[in-house]
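Colleague: Quick note on my numbering: the sequence shown kicks off at 905 and runs consecutively.
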Amino acid sequence: MNSRNEQDLKACLQEMRWQEIQQFRDSGGDLAVIPVGSVEQHGFHLPLGTDSMVALRLAEDAAQRTEAIVTPPLWFGWSPHHLALPGTISIRPQILIEILFDILSSLTAHGFDKFVIVNGHRIVNIPWIQISAEKVQRELGVKVVIYDPAYMSKEISDGIGFGEVGHAEEIETSHMLHIMPHLVRMEKAKDYISPEKKLYHVDPRTPKDTLCYVPSTAKDLEQIAGESGGASGRPSLATAEKGKQLHEHLVARLIEVITELNKGNSK
Ligand SMILES: [Zn+2]
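Right under this line is the structure:
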């Protein structure tokens, strides 16, 4: 499952030699994909690195079929709401803004001038990615776009039969069953249905989406942890087949984004 051939590896910066990056640049390649995720609890059944693994696999699968290099993932995200459970590592937003700026700035020094940031940590990542991307564009004169799987799968999620966006729910669990089945413990998956939220909804698929989001508190999480180990939603409904449909759709959309950007179109 995880063994990949030489062809598969050609897009991963950390597995290439500097001359190969030089060749990529000399042949006109100037686009890099940067996966960003988190290391945070994902219930009883999914690994802590789920968000980063999803972002990395999407980036790799799209880059292999386009003209792009994938950087190593930025593994850590801002996860204060998950710190109540062990293993979660949370980095302050101002640090993440600066790290991302430094990664893109380094690549810009080698002639890369188009960047796609693949966000595996959903809405929690978006504000600081936007701030960093704006600063990169303004100060370095390059193009940056953000690719967010939750938004990019809006049109197919209902058709696949996914319920609402939660955390470690059937969407993430199905995706992981497809890309990393050996790391999923389905027998441990526990559902938790959150009480209906009257004021705020964070799910790009629903017209009730209010977008504005403040992470839940440690107290909120402790209550969920007691019932589902920190998952929220219905992971028990996950299947590898749903994950395959989701993954293939997302890779196709990411290929489209990379291809358009390479043609000079950014919108
Ligand atoms: Zn996640």
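Every residue, glycine too, gets a C-beta built ideally from N, C-alpha and C.
(1) Tell me Lys-1047's beta-bridge partners as DSSP assigns them.
(2) Locate the alpha helix (DSSP H) running through Pro-997, then write down its first and last residues.
(3) Would you identify the three-state DSSP class for Pro-1108, choosing helix, strand or coil?
(4) Can you find the residues in the same chain that come closer than 6 angstroms, C-beta to C-beta, to Gln-945, ignoring five residues on each side of it along the sequence?
(5) Compare the beta carbon distance of Tyr-1051 and Leu-1158 with 8 angstroms and say whether it is the shorter of the two.
(6) Does the beta-carbon distance from Pro-1099 to Ala-1144 come in below 8 angstroms?
(7) Between the Cα of Glu-971 and the Cα atoms of Phe-1016, Leu-950 and Val-940, which residue gives the shortest distance?
(8) Taking C-beta to C-beta, are Trp-979 and Gly-947 nearer than 8 angstroms?
(9) Under the three-state reduction of DSSP, which class applies to Gly-1134: helix, strand or coil?
(10) Roughly how many whole angstroms lie between the Cα atoms of Leu-925 and Leu-1008?
(11) Do you know how far the Cα of Asp-934 is from the Cα of Ser-1036?
(12) To the nearest angstrom, report how far apart Ala-1129 and Lys-1123 are at their CA atoms.
(13) With which residues is Gly-981 paired in a DSSP beta bridge?
(14) Say the cut is 7 angstroms; is the CB of Thr-954 nearer than that to a heavy atom of ligand 1?
(15) Within 8 angstroms, do at least three Cβ pairs link the region 1051-1068 to the region 1095-1113?
(16) Quick one: using the 10 Å Cβ neighbour count with 16 as the cut-off for buried, is Glu-1152 buried or exposed?
(17) With Ile-938 as the anchor, note down where its alpha helix (DSSP H) starts and where it stops.
(18) Quick one: what does DSSP say Leu-950 is sitting in, helix, strand or coil?
(19) Count the other C-beta atoms from every protein chain shown that fall within 10 angstroms of the C-beta of Glu-1160, then say buried if there are 16 or more, exposed otherwise.
Modeller: Once the coordinates are examined:
(1) The residue labelled residue 1047 in the question sits at position 143 within the sequence shown. For Lys-1047, which the question treats as bridged, DSSP gives the partners Lys-1018.
(2) Taking the first residue of the sequence shown as 1, we reach residue 997 at position 93. Run containing Pro-997: 997-1013, per the alpha helix (DSSP H) assignment.
(3) Here residue 1108 refers to the residue found at position 204 of the sequence shown. Here Pro-1108 carries a coil assignment [DSSP, helix/strand/coil].
(4) Position 41 of the sequence shown, counted from the first residue, corresponds to residue 945. Around Gln-945, the same chain offers His-986, Leu-989, Thr-992 and Gly-1134 as residues with beta carbons nearer than 6 angstroms, after the five sequence neighbours per side are excluded.
(5) By one-based count along the sequence shown, residue 1051 stands at place 147. By one-based count along the sequence shown, residue 1158 stands at place 254. Against a cut-off of 8 angstroms, the Cβ pair of Leu-1158 and Tyr-1051 comes out as a contact.
(6) Here residue 1099 refers to the residue found at position 195 when the sequence shown is read from its first residue. Here residue 1144 refers to the residue found at position 240 when the sequence shown is read from its first residue. No, the Cβ-Cβ distance between Pro-1099 and Ala-1144 is not below 8 angstroms.
(7) Here residue 971 is taken as the residue at index 67 of the sequence shown, counted from 1. Ranking the options by Cα distance to Glu-971, first place goes to Phe-1016.
(8) The residue labelled residue 979 in the question sits at position 75 within the sequence shown. The residue labelled residue 947 in the question sits at position 43 within the sequence shown. Taking 8 angstroms as the Cβ cut-off, Trp-979 and Gly-947 do not qualify as a contacting pair.
(9) What you label residue 1134 is simply residue 230 of the sequence shown in a count that begins at 1. Coil at Gly-1134, not helix or strand.
(10) For this step, residue 925 is matched to residue 21 along the sequence shown. For this step, residue 1008 is matched to residue 104 along the sequence shown. Before going on, a small fix: residue 925 reads as Ile here, not Leu. Cα to Cα, the separation comes out at about 15 angstroms.
(11) Taking the sequence shown and counting its residues from 1, one reaches residue 1036 at position 132. Taking the sequence shown and counting its residues from 1, one reaches residue 934 at position 30. Here the alpha carbon of Ser-1036 sits roughly 19 angstroms from the alpha carbon of Asp-934.
(12) Here residue 1129 refers to the residue found at position 225 of the sequence shown. Here residue 1123 refers to the residue found at position 219 of the sequence shown. Ala-1129 and Lys-1123: Cα-Cα distance of roughly 10 angstroms.
(13) Here residue 981 refers to the residue found at position 77 when the sequence shown is read from its first residue. Gly-981 is bridged to Ser-994.
(14) Counted from its first residue, the sequence shown places residue 954 at position 50. Flag set: Cβ of Thr-954 near ligand 1.
(15) The region 1095-1113 makes contact with the region 1051-1068, as at least three CB pairs between them are under 8 angstroms.
(16) Counting from 1 along the sequence shown, the entry for residue 1152 is found at position 248. So Glu-1152 counts as exposed.
(17) As a first step, residue 938 must be located in the sequence shown, where it is residue number 34. Element bounds for Ile-938: not the alpha helix (DSSP H) but the beta strand (DSSP E), 935-940.
(18) Position 46 of the sequence shown, counted from the first residue, corresponds to residue 950. In the three-state reduction of the DSSP assignment, Leu-950 falls in the strand class.
(19) The residue labelled residue 1160 in the question sits at position 256 within the sequence shown. By the neighbour-count rule (16 or more Cβ atoms within 10 Å), Glu-1160 is not buried but exposed.
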